[in-house]
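Inspection log for the structure reproduced underneath, given as structure tokens.
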Ligand code: AMP
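Residue numbers (the numbering used here): 3 to 619.
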């Protein structure tokens with residue numbers, strides 16, 4: 003799980019008790035001075051280190067079975083931040099209330115723990131092998147889906163470890179451990195026949211010892227009387243560091259002879275190597291559902307479909323065989339056009355279709371130009387096609403090509419979930435705040451890519467964010483977009499056109515200057531639309547009224563269900579002077595941290611939106 007305290011300025015990560023005391027000394031030793039650090043003993047737990055009467059106190063904070071956090075004997079809280087907030091109002095058994103956070107010195111990041119680096123490597127290997135991704139596609143998948151992949155990895159990882167021998171008898175375990183060298187600490191984990199219980203078998207002094215692994219009602223694993231863990235691989239990795247009641251540490255994995263692939267035992271802490279059997283996705287993926295879940299044949303719960311599971315995560319041309327045929331102009335006889343209309347614009351309509359490639363057929367959306375349109379519209383559509391042709395990112399609708407036949411047609415990847423504003427308005431009661439944060443984070447990744455490529459979108463709005471499914475958004479409609487010159491940071495429009503003024507930054511309206519920074523302003527308005535479940539921005543105001551509203555220093559209010567952190571980001575996007583406005587690198591970073599922090603909270607716990615709601619008058 004992402005670290006729920008990662009965003010707190012007084013969180014130091016995995017530091018020793020003595021180091022914590024050093025920081026508190028440097029912080030001045032005032033009563034109530036406190037900091038938070040990671041607890042090595044209990045995974046997912048923390049330690050609150052504080053000062054009172056010139057003495058140090060250290061309180062372990064346990065992550066409880068239901069995902070809440072509590073100091074032993076104290077009240078439960080939905081996150082470490084909420085816990086600290088609570089103890090700043092009431093000592094409730096602590097030596098004194100928390101008064102002053104001892105923040106990390108500038109430039110100091112939380113110290114990653116042993117499990118953090120291991121987890122990161124496992125996620126990377128899992129994504130690489132399961133979806134066969136490399137390069138940018140791999141990096142983007144990791145950034146956008148880390149919380150979901152971490153959950154998958156954590157619960158199934160042991161099955162892919164060389165030390166995991168599945169369902170073998172005690173005798174067979176001994177046979178395997180006694181074969182070959184028998185160094186102290188050689189071990190394996192096996193499943194016992196009875197109700198998914200496990201046992202750990204370990205060599206010490208040329209003798210094999212067997213330990214039962216308890217699996218309690220809440221799903222935690224431990225050796226009898228030992229520390230409890232959410233997953234078996236965490237238990238094993240912990241026992242490599244600490245015997246925790248075993249006769250000896252776990253050291254060398256006894257590799258399972260039946261496990262396919264090159265079996266290399268994972269080494270601590272950072273060089274995890276996964277067997278190639280990870281290449282098969284662990285879940286049974288069914289056909290794509292618009293809501294982003296796979297149908298579940300046994301009814302045991304729905305499995306979340308990730309962007310990488312869909313056919314539109316990577317470009318259809320990522321296959322080198324298909325790339326050979328990549329051209330801007332497509333052959334008409336490779337294109338089948340359905341009568342179904344997906345939508346309409348002033349140029350014509352968008353139809354559903356299928357495009358036949360060398361090895362596969364793909365679903366496409368086809369923008370068909372009305373035949374009576376004059377040449378300028380045709381030119382505009384070609385410009386849009388040329389821009390889109392240069393872009394390749396999982397969070398941007400890709401263009402497959404252009405087809406000139408009965409009319410001019412722009413063939414694009416299909417995003418069948420429709421525009422974000424309409425989707426949210428129709429599903430208001432079903433969509434959680436964290437789902438909206440996840441989608442807006444994906445939009446920020448697409449925009450960061452555009453910024454990096456020196457393109458300005460100029461029409462970013464919720465209506466132009468299309469959904470592949472409930473958990474996968476893509477930016478579309480590049481009709482107004484421009485590629486900037488290598489030395490230019492903005493595009494200057496000669497004349498004002500039919501512009502979406504409510505989404506435009508002051509410099510666009512006043513000076514016709516468009517840059518990635520003005521796209522950031524539009525991103526803020528898009529965020530507002532998303533967190534308002536598709537409402538229209540600035541209510542009934544007309545464009546010119548909006549301009550004077552902004553000029554007076556006013557901004558739209560926080561939408562009712564919107565977390566305070568997300569409203570604060572919108573406000574930053576609406577910084578009047580473009581020089582002071584954040585760019586997409588910073589915007590993506592901010593929303594990513596927030597997204598990870600809420601993804602780390604229990605799924606059925608309080609929705610972060612509730613806090614903002616509760617804080618409203
Ligand atoms: P546009 O003029 O590009 O905004 O497209 C008009 C409408 O057509 C959109 O609001 C969508 O409902 C639909 N549409 C456009 N592009 C796609 C696409 N790639 N996949 C699915 N629907 C699309």
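Quick reminder that beta carbons are idealized off the backbone N, C-alpha and C, glycines included. Note that the structure is a prediction, hence the values are computed from the model and not measured.
Does the Cβ-Cβ distance between residue i and residue j come in under 8 Å?
i	j	result
residue 308	residue 147	yes
residue 371	residue 330	no
residue 203	residue 159	no
residue 391	residue 401	yes
residue 13	residue 25	no
residue 97	residue 41	no
residue 179	residue 205	yes
residue 419	residue 344	no
residue 365	residue 352	no
residue 190	residue 167	yes
residue 445	residue 506	no
residue 241	residue 234	no
residue 533	residue 433	no
residue 549	residue 593	no
residue 586	residue 455	no
residue 502	residue 463	yes
residue 422	residue 535	no
residue 349	residue 314	no
residue 483	residue 389	yes
residue 327	residue 360	yes
residue 529	residue 571	yes
residue 443	residue 597	yes
Exposed or buried, which one is residue i when buried takes at least 16 other CB atoms within 10 Å?
i	result
residue 83	buried
residue 183	exposed
residue 599	buried
residue 212	exposed
residue 490	exposed
residue 286	Legend: pLDDT at residue 286 = 34, less than 50; position of this residue unreliable, value from coordinates given subsequently. By the neighbour-count rule (16 or more Cβ atoms within 10 Å), residue 286 is not buried but exposed.
residue 277	For residue 277, the pLDDT reaches just 46, beneath the cut-off of 50, and the residue's location in the model is therefore unreliable, leaving the point undetermined.
residue 325	exposed
residue 517	buried
residue 338	exposed
residue 60	exposed
residue 300	With a pLDDT of only 34 at residue 300, under 50, the local geometry of the prediction cannot be trusted, and the value read off the model is given with reservation. Looking at its Cβ environment, which holds fewer than 16 other Cβ atoms inside 10 Å, residue 300 is exposed.
residue 5	buried
residue 476	buried
residue 1	The question about residue 1 has no answer, for the chain in this structure spans 3 to 619.
residue 10	buried
residue 56	exposed
residue 257	buried
residue 413	buried
residue 407	exposed
residue 436	buried
residue 581	exposed
residue 138	exposed
residue 488	exposed
residue 1	Residue 1 falls outside the range modelled here, since the chain spans only 3 to 619, and no answer is possible.
residue 19	exposed
residue 340	exposed
residue 376	exposed
Am I right that residue i and residue j are in contact with their C-beta atoms under 8 Å? What's the rounded C-beta distance?
i	j	result
residue 35	residue 52	7 Å
residue 514	residue 495	4 Å
residue 387	residue 399	That pair is no contact at about 12 Å.
residue 458	residue 559	Residue 458 to residue 559, Cβ: 28 Å. No contact.
residue 354	residue 367	7 Å
residue 323	residue 447	Not confirmed; about 28 Å, so no contact.
residue 78	residue 38	That pair is no contact at about 17 Å.
residue 71	residue 81	6 Å
residue 478	residue 394	No, residue 478 and residue 394 are not in contact; Cβ-Cβ is about 14 Å, not under 8 Å.
residue 238	residue 165	7 Å
Can a CB atom of chain C be found closer than 8 Å to the CB of residue i?
i	result
residue 23	No chain C is present in this structure, which holds just one protein chain.
**Prompt:** Where in the region 541–591 do unbroken runs of the beta strand (DSSP E), each at least 3 residues long, occur, reported from the N-terminal end onward?
**Reply:** none
**Message:** Extract the residue ranges of the beta strand (DSSP E) inside the region 142–204, only unbroken runs of 3 or more that lie entirely within it.
**Reply:** 189–194
**Request:** Would you list, in sequence order, the uninterrupted alpha helix (DSSP H) runs of no fewer than 4 residues that lie entirely inside the region 97–134?
**Result:** 116–133
**Request:** Within the region 205–233, note down every full beta strand (DSSP E) run reaching 3 residues or more, in order along the chain.
**Result:** 209–217
**Prompt:** In the region 324–365, which residue ranges form an unbroken beta strand (DSSP E) of at least 3 residues, counting only runs that do not cross its ends?
**Reply:** 337–347, 350–358
**Item:** Secondary structure, beta strand (DSSP E): runs of 3+ residues fully inside the region 41–84
**Value:** 48–54, 57–65, 71–73
**Message:** Runs of 4 residues minimum, wholly inside the region 425–494: which ones carry the alpha helix (DSSP H) assignment?
**Reply:** 435–454
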